[in-house]
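Q:
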Amino acid sequence: MQNAGKENREKVANIVLNNQSLFKELVSITFNINEKVSIKAAWILEWICTHHQLNWMIPYLDEFTQKINTLKFDSAIRPCAKICEHLATAYYAKNDNDIKKNLTTNHINAIVETGFDWLITPQKIAVRAYTMNTLYLFGLEIGWIHPELKHLIETKIIHESKGTKARGKFIINLIEKHQKSLK
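Residue numbering for the sequence shown follows my numbering, starting at 660 and increasing by one per position.
(1) Determine, using beta carbons only, whether F690 and K726 come nearer to each other than 7 Å.
(2) Are at least three pairs of beta-carbons, each pair with one atom in the segment 694-707 and one in the segment 752-760, less than 8 Å apart?
(3) Does the segment 734-743 come close enough to the segment 758-769 that 3 or more CB-CB pairs lie under 8 Å?
(4) Which residue spans inside the segment 680-753 form an unbroken beta strand (DSSP E) run of at least 3?
(5) Quick one: what does DSSP say S820 is sitting in, helix, strand or coil?
(6) Which same chain residues, not among the five before or five after P786, have their C-beta less than 6 Å away from its C-beta?
(7) In this structure, how does DSSP classify Q838 when only helix, strand and coil are distinguished?
(8) From what residue to what residue does the alpha helix (DSSP H) around D757 run?
(9) Can you name, in chain order, every residue of its own chain whose Cβ lies under 7 Å from the Cβ of V686, other than the five neighbours on each side?
(10) For I688, which of E813, A701, Q679 and S680 has the nearest alpha-carbon?
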């Protein structure tokens with residue numbers, strides 16, 4: 660795969676989709692953090708989780724959540740941040756689903772901890788946007804997240820790019836709306 664173009668990601672993803680046994684290797688390669696091929700593996704992992712089979716992550720939630728904090732290539736962090744957002748979205752979906760049944764407190768705590776690390780370190784706009792959404796969702800049940808997230812947005816993130824400023828304001832509005840609904 661030469662680049663992350665849609666047709667390239669879809670082509671390689673289809674190979675994995677046609678042979679699910681390759682998915683385990685895809686997860687492993689994603690966390691082979693010293694090899695640049697991990698970036699391409701992360702692109703494919705995200706493509707499959709976003710467009711096809713988020714549930715395929717279930718057997719690998721331990722590995723995924725324990726290793727996301729080890730990622731060092733920006734181009735691998737972005738797709739994994741997006742997967743975290745999809746996991747949070749599925750977890751808080753109105754309908755019952757297998758992610759709700761399998762995403763444990765330990766998994767959530769690892770995602771939250773890594774998310775805050777991503778927000779306090781230099782990251783691309785997309786990573787920050789996906790992470791703010793993820794943390795907002797988990798903060799619906801974990802009381803300390805929203806105040807910490809709001810503080811971080813107001814003191815750091817809102818002073819960065821226009822994109823992070825806009826997403827930060829959006830998340831602050833959601834937090835404030837949620838706080839009012841609790842009163």
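Glycine included, each C-beta is placed from N, C-alpha and C at the ideal position.
A: In terms of the structure at hand:
(1) It is a contact, given that the beta carbons lie within the stated cut-off.
(2) Verdict: no, contact absent.
(3) Fewer than three pairs of CB atoms, one per stretch, sit closer than 8 Å, so the segment 758-769 makes no contact with the segment 734-743.
(4) Taking 3 residues as the shortest admissible run, the segment 680-753 contains no complete beta strand (DSSP E) segment at all.
(5) Coil, per DSSP.
(6) A small correction: the amino acid at residue 786 is Val; Pro does not occupy that position in the sequence shown. If you ignore the 5 residues before and after V786, its C-beta comes within less than 6 Å of the C-beta of I736, R737, A740 and W777, all in its own chain and listed in chain order.
(7) Residue state, collapsed to three classes: helix.
(8) Start and end: D757 to N761.
(9) L704, Y719, E722 and F723, listed in sequence order.
(10) Checking every option, the nearest Cα to that of I688 belongs to A701.
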